Amino acid sequence: MELAIVSHTKKVGILLVNMGSPSAPEKDAVTSYLRAFLGDKNILTTAPFLRFLLVRLLIFFRKKSLVKAYRQIWTAEGSPLLVHSQRIANKLEHQTKMPTAIAMLYGSPSVSNAFKSLADKGIDHIMVCPLFPQGVTGILSSIKEQCTQAQAETPITFEIRPPFYDHPTYIQALASTISPFLLGEFPNASQQNSPSIQKKSTSLSSQAYFHREAYEAFIFSFHGLPCSEVRKVGIRCNNRQMNDPNCVQLFGDEACKKCYKYQCLRTTHLLSKTLNLPKNKVFVSFQSRLPWTQTWLAPSTKEVVNLPVFKRKNLFVIAPSFPSDCLETLYEIQIKLQQQAFFLNQTSLTVAPSLNDHDLFVLFLENFLGKTNSPPKAGFPKPLSEKEEIARR
513 MELAIVSHTK KVGILLVNMG SPSAPEKDAV TSYLRAFLGD KNILTTAPFL
563 RFLLVRLLIF FRKKSLVKAY RQIWTAEGSP LLVHSQRIAN KLEHQTKMPT
613 AIAMLYGSPS VSNAFKSLAD KGIDHIMVCP LFPQGVTGIL SSIKEQCTQA
663 QAETPITFEI RPPFYDHPTY IQALASTISP FLLGEFPNAS QQNSPSIQKK
713 STSLSSQAYF HREAYEAFIF SFHGLPCSEV RKVGIRCNNR QMNDPNCVQL
763 FGDEACKKCY KYQCLRTTHL LSKTLNLPKN KVFVSFQSRL PWTQTWLAPS
813 TKEVVNLPVF KRKNLFVIAP SFPSDCLETL YEIQIKLQQQ AFFLNQTSLT
863 VAPSLNDHDL FVLFLENFLG KTNSPPKAGF PKPLSEKEEI ARR
């Protein structure tokens, strides 16, 4: 059975695209990665000369700290993002019996090499799946550009799948992997977190776990974006309106469906509802800001965690922007944010696991790519569609 949306005469392959990672936790590798990432005109959307200066400044001031960060999360197999992406691809290929490759926008393996690899296996058409649940205009533009360039070198058709921020099976996969961590039954449930600076990473099994009622806040931390990047889809709100917690109500769902922040809020709403989280305990925040650039989406995750009201509280952090563990989850949240929360506020901070190569995430990808119509696994109510949500208001 081939993909339903592609002619049965074509042999279809799958390409999973992620952001990228340095090839090693070393100065030269990190510099090369930052130069490729920050030098992309779709990422830093400023005048070329200003972008050139910003890239040099950012590399100069961030290189050393990033090398240290990557060294703390690096594994014997290599970059966590690359390792998990490959494991997802291996499982997906096994399940679908379709050639599956991975590519990194910045780093190796490149999109061009992935196209060649699939073409060598006799593939005629590539289903490109960005592993970014919420749509980021700049990143999607870069994916399209790199795929088009690869197509010029390797004549092969492709199509890019849309964001999956509200796909029922994706929400189900998230809920099914997070739910056990809200039952207070994991090891060391009575042990408070006291992260050590010397630890390479924070093991999920060493965190403090409580029943969901014992958590004072559930923080949904999404990848941060400049407000100007969010506006590229055509929404008409200014910076102040965009950072209004009720911004979706200002303009209505139809006007905002392509908006990155709307998609973050939609994921938060659907997952919170599926997990039965109290509305008054749910907070949305944004991480990974670049310094010296434009106004970014607010509030930042650091600001939310450090609110005085959360002192000596139990917080639960979920990062739906990152299906695969990476620098943002393993270092920014599980190491830095944990240390910050504990040492500044004496706060216990529990982090939800990433999906990585969980069977339910692979099932979602099968569903999303049209290979299976399997319904979500039993155990949680199916999230309501947008039409059902609007009808209930």
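So the sequence shown is numbered by the numbering used here: it starts at 513 and just counts up by one.
Built from N, CA and C at the ideal position, the CB exists for glycine as well.
Small disclaimer: the values here were computed from a predicted structure and weren't measured.
DSSP places Y618 within a strand segment (E or B) once states are collapsed to three. Scanning the region 521-574 for uninterrupted alpha helix (DSSP H) segments of 4 residues or longer gives 539-550, listed from N- to C-terminal end.
An exposed status is given to F573, since fewer than 16 other beta-carbon atoms sit within 10 Å of its beta-carbon. Contact check for Q646 and Q775: beta-carbon distance about 4 Å, within the 8 Å limit, so the pair qualifies.
Of all C-beta pairs linking the region 534-553 to the region 631-645, fewer than three are shorter than 8 Å, placing the two stretches out of contact. Between the alpha carbons of I638 and P675 lies a gap of roughly 17 Å. In chain order, S800 and F834 place their CB closer than 6 Å to the CB of E840, counting only its own chain and leaving out the 5 sequence neighbours on each side. Straight-line measurement puts the Cα of I555 at about 17 Å from the Cα of V623. C749 and A810 have their C-alpha atoms some 14 Å from each other. One thing to note: S860 has its Cβ within 8 Å of the Cβ of N826. Contact between N530 and S597 is confirmed by a C-beta separation of about 5 Å, below the 8 Å threshold. The region 850-860 makes no contact with the region 656-673, as fewer than three CB pairs between them are under 8 Å.
Contact between H870 and T689 holds: their C-beta atoms lie close to 6 Å from each other, under 8 Å.
Around the Cβ of T807, a 10 Å sphere holds fewer than 16 other Cβ atoms; the residue is exposed. For V595, the secondary structure class from DSSP, reduced to helix, strand or coil, is helix. In this structure, DSSP gives P611 a state outside helix and strand, which the three-state scheme calls coil.
Excluding its 5 nearest sequence neighbours in each direction, F822 has C-beta neighbours in its own chain below 7 Å: E728, A729, N857 and T859, listed in chain order. Taking 8 Å as the cut-off, the beta carbon of D636 is found closer than this to the beta carbon of T669. In the displayed model, F627 falls within a helix according to three-state DSSP. Secondary structure note for A662: its alpha helix (DSSP H) is the uninterrupted segment T649 to E665. I845 is positioned such that its CB atom lies closer than 8 Å to that of A831. Apart from sequence neighbours up to five positions away, the residues of its chain that approach G650 with a beta-carbon distance below 8 Å are D552, N554, I555, T557, E741 and K744, ordered along the chain. For V821, there is no enclosing beta strand (DSSP E), as DSSP gives it neither H nor E.
When C-alpha distances from L782 are compared across A687, V648 and K769, the shortest belongs to A687.
Taking each of Q661, C759, L565 and R724 in turn and checking the Cα distance to C739, the smallest one comes out for C759.
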